[in-house]
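Okay, structure first, notes after.
In the working numbering, the protein residues as written are 8 to 161.
Shown next, in the form of structure tokens:
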């Protein structure tokens with residue numbers, strides 16, 4: 008009896024306060040990337056805020072540092088990307104593709120890096136976030152989790 012009463016009280020408190028959770032709000036937000044430049048770019052989802060692999064990290068483990076990888080042609084927009092809506096950064100590395108005739112060579116993220124798109128959504132944004140490749144910024148290890156990136160437009 009004591010356990011069920013205690014559980015009932017806890018459930019009532021959670022129901023009233025929500026413990027910071029808003030009923031009906033998704034667990035993740037969405038983002039899109041628009042390539043508004045005149046050249047194709049590679050985009051790699053990073054496992055670290057600065058989008059760098061640890062020193063002496065073997066090339067064979069590159070997939071453990073960079074997850075989702077895709078290419079966008081000029082004017083192309085990515086499909087929706089899932090990103091955290093609690094301020095945890097979700098950076099994407101912007102890279103130059105290999106030159107024509109060298110497409111089968113491994114991409115070197117240190118030599119072909121153009122910048123980063125460090126998505127940060129401190130709270131859920133219903134319409135999602137859109138970053139333009141031209142808005143890329145230098146990659147950095149520390150990001151403010153309370154400031155939305157890209158900043159709101161308008």
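The C-beta atom is built at its ideal place from N, Cα and C for all residues, glycine as well. Quick caveat, the model's predicted, so the values are computed rather than measured.
Own chain residues within Cβ distance below 7 Å of residue i, not counting five before or after
i           : result
residue 153 : 94, 129
residue 114 : 49, 102, 105
residue 132 : 36
Same chain, Cβ closer than 8 Å to residue i, neighbours up to 5 away in sequence not counted
i           : result
residue 37  : 87, 88, 89, 90, 135, 136
residue 14  : Unreliable placement is indicated for residue 14, whose pLDDT of 46 sits below 50; no coordinate value is reported for it.
residue 141 : 43, 44
Distance between beta carbons of residue j and residue i, contact taken as under 8 Å
i           : j           : result
residue 156 : residue 100 : Between residue 100 and residue 156 the Cβ distance is about 15 Å, and since that is not below 8 Å, they are no contact.
residue 96  : residue 42  : 21 Å between Cβ atoms; not a contact.
Sheet register partners of residue i (DSSP bridge)
i           : result
residue 90  : 36
residue 99  : 52, 124
residue 118 : In DSSP, residue 118 forms no bridge with anything.
residue 84  : 41
Alpha-carbon spacing of residue i relative to residue j, whole angstroms
i           : j           : result
residue 77  : residue 122 : 15 Å
residue 160 : residue 110 : 36 Å
residue 59  : residue 116 : 8 Å
residue 150 : residue 56  : 7 Å
residue 108 : residue 47  : 15 Å
residue 53  : residue 98  : 6 Å
residue 143 : residue 120 : 11 Å
residue 92  : residue 118 : 31 Å
Contact set for residue i: own chain, Cβ-Cβ below 6 Å, skip 5 residues either direction
i           : result
residue 139 : 41, 43
residue 75  : 52
residue 84  : 39, 41
residue 146 : 57, 58, 123
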